[in-house]
Each structure stands twice: as C-alpha cells, then as structure tokens.
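Engineer: Please read through the structure below; I'll follow up with questions.
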Amino acid sequence: MTTIAIIGAGPGLGAAVARRFGREGHSVALVARDAGRLDALAGSLAADGVTARGFTADVHDPATLVTALDAAADTLGPVEVLQYSPLPRQDFMRPVLDTTADDLTGPIEFSLYGAVTAVRQVVPGMRELGRGTVLFVNGGSAVVPHADRAGTSVAFAAQSAYGHLIHNTLAPEGIHVAQLIIPGMIEPGHQRKDPVVLAETLWGLHRERHGFRHFADDLGA
Ligand SMILES: NC(=O)c1ccc[n+]([C@@H]2O[C@H](COP(=O)([O-])OP(=O)(O)OC[C@H]3O[C@@H](n4cnc5c(N)ncnc54)[C@H](OP(=O)(O)O)[C@@H]3O)[C@@H](O)[C@H]2O)c1
C-alpha cells in the first residue's frame, strides 16, 4: 500500500485527513515539528487501525523536509499523496503597510519554498508509481488578498501560482495537483468546514482528479 504524507499534521485537519486516507488503506506519514505531538497522534490513529508514523521537520528548513519525506517513503512505502497544509503563524498576518520586505521572508519560506521542496522530493517516486496526488490547502486570502494579512496573502498567491503550474505540467503523467480553499475558519460542527467534512472533500479531490482550484465553502462565508 502507498503512503499519504501530510506536511503540517496537527490535531485538526491533519488528523482528520490521516483518518480518512488511512481508512482506505494508505499508510500515513505525519510531518510537523513536535515529535511528542506526532507520536501521540500516530498512537491514536493506530488505535483506529491506521498505520501512521511521525517524522519531524520544519518547513522553514528544507533539509529536514527532505530527510522526513525520504524516511517516510523508506519506512511506510512510496508517497502517492502529498498534502501541504502547515498552519501559518499569526505574525505572518500583519497589515500591509506595517509589512516590510523582511517580514515577507517567513511567509514565503513557509508557503512557497517549503512547498516546492516537498513537491520536488516526492514527484520522482510518483513518476515511478505512475500516479500521484498533490493537495494544497489554503485560506481565502489565497484568492482575495486581505489587507490585514499581507504575509499570508502574498505567500498563498505565490504557492497558488506554483501549484497551478505543476497542475498543468504533471497532469499528462497521471499526477493530479489540486488546491482546496477554505474561506474563513475551520469550524468543528460546521456543515462544510468541519475537519471531517474537509477531509472527505480532500479525499474526493484525490479520487475525482479534475481541476486545480476548489472551494470548501462560498468565499466570504
Ligand atoms: N484553522 C483554520 O481556521 C484554517 C482556516 C483556513 C485555512 N486553513 C488551512 O488549513 C490547514 C491547517 O489545518 P488546521 O488549522 O486544522 O491545522 P492542523 O492540521 O491541526 O495542524 C497544522 C500543524 O501544522 C504544523 N506546523 C506549523 N508550522 C510548521 C512548520 N514550520 N513546519 C512544520 N509543521 C508546521 C503544526 O504542528 P507543529 O507545531 O508540531 O509543527 C500544526 O499542528 C492549513 O493549510 C491552513 O492554511 C486553516
């Protein structure tokens, strides 16, 4: 069986996606910075019959991402699905006129350089498999930039452009690249934005394999 690697695997969306894809028989590589939290999440997935392991990496540090993704493929099997969904830091979301060029370094490293590093690490394995899926998850500011969230608005737009480019480039090889936009907040109990519902939506994007940009809810919702 193949592996889904979740970059930014936390208790919310990351855990729900791990459960959804794990239920289908995929092994799950949980990638984030805190080893203790990853081990706890892997343990709770194992209790539900999902094969999961934590691999520590910081998306600001490309070498750690490369090492984690290599170890995930070696330990769990080839990565067929990559989800890039680390939760951005609050201080990336400053008003535009308070945002300097230096302030954009962190958001760009986080949303663009980390994503490019992760994609480049898994695409050769997907080519060998003859199939693969890359899922990007973003907030609404990826589509409509928000003047109080300059860092994420600019960096999500950059990630969107990169994702769209690789969507077009990799489609002929059977590698599907899609982006899910979640307008507003992830909300437990919400009809469309509960983590379990969002995980189902992401599973659907992986299965149905059409189009790059998808919306979890109406923009402005
Ligand atoms: N939460 C929302 O309301 C909301 C709204 C719209 C869109 N989104 C999108 O949904 C996704 C996040 O879902 P979620 O909020 O439910 O989060 P989650 O899956 O519960 O957790 C995300 C994890 O990202 C990890 N992370 C943060 N910085 C990292 C870094 N530098 N390197 C590696 N991992 C890092 C954190 O773990 P460590 O601290 O262990 O690294 C955190 O637990 C993101 O794509 C976000 O853009 C969220």
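Residue numbers for the sequence shown follow my numbering, so the first one is 2 and each next one is one higher.
Idealized CB from N, CA, C, for every residue including glycine.
Since we're looking at a predicted model, the values are computed, not measured.
#1: Grab the span of the alpha helix (DSSP H) containing glycine 115 for me, first residue to last.
#2: Give the DSSP-derived three-state secondary structure of threonine 106 in the structure shown.
#3: Exposed or buried, valine 145, counting other C-beta atoms within 10 Å across all chains shown (16 or more means buried)?
#4: At which residue ranges does the stretch 43-117 contain complete alpha helix (DSSP H) runs of 4 or more residues, listed in the order of the chain?
#5: Which residue from Gly221, Val197 and Leu171 puts its Cα closest to that of proline 184?
#6: Please report the Cβ distance between leucine 46 and alanine 19, rounded to the nearest whole angstrom; I am assuming they are in contact, meaning their Cβ atoms lie under 8 Å.
#7: Find out if the Cβ-Cβ distance for the pair glycine 190, leucine 88 is shorter than 8 Å.
#8: Take alanine 53 and list the residues in its own chain whose beta-carbon comes closer than 8 Å to its own, dropping the five residues that flank it on each side.
#9: Measuring only from the beta carbon, is proline 196 closer than 7 Å to any heavy atom that is part of ligand 1?
#10: What's the call for proline 96, buried or exposed, on a 16-neighbour Cβ count within 10 Å?
#11: Which of the three DSSP states, helix, strand or coil, is assigned to valine 135?
#12: Would you report the Cα separation of valine 198 and glutamine 180, rounded to the nearest angstrom?
#13: Is leucine 203 near ligand 1, in the sense that its beta carbon is under 7 Å from a heavy atom of that ligand?
#14: Quickly, what does DSSP pair leucine 31 with across the bridge? List them, please.
#15: Between Ala102, Ala16, Ile109 and Val51, which lies nearest to threonine 3 when the distance is taken from Cα to Cα?
Structural biologist: Inspection of the coordinates gives the following:
#1: 115-130
#2: helix
#3: exposed
#4: 63-77 and 106-109
#5: Gly221
#6: 6 Å
#7: no
#8: Ala19, Gly23, Ser28, Val29, Ala30, Leu31, Leu42, Ala43, Leu46 and Ala47
#9: yes
#10: exposed
#11: strand
#12: 16 Å
#13: no
#14: Ile7 and Gly55
#15: Val51
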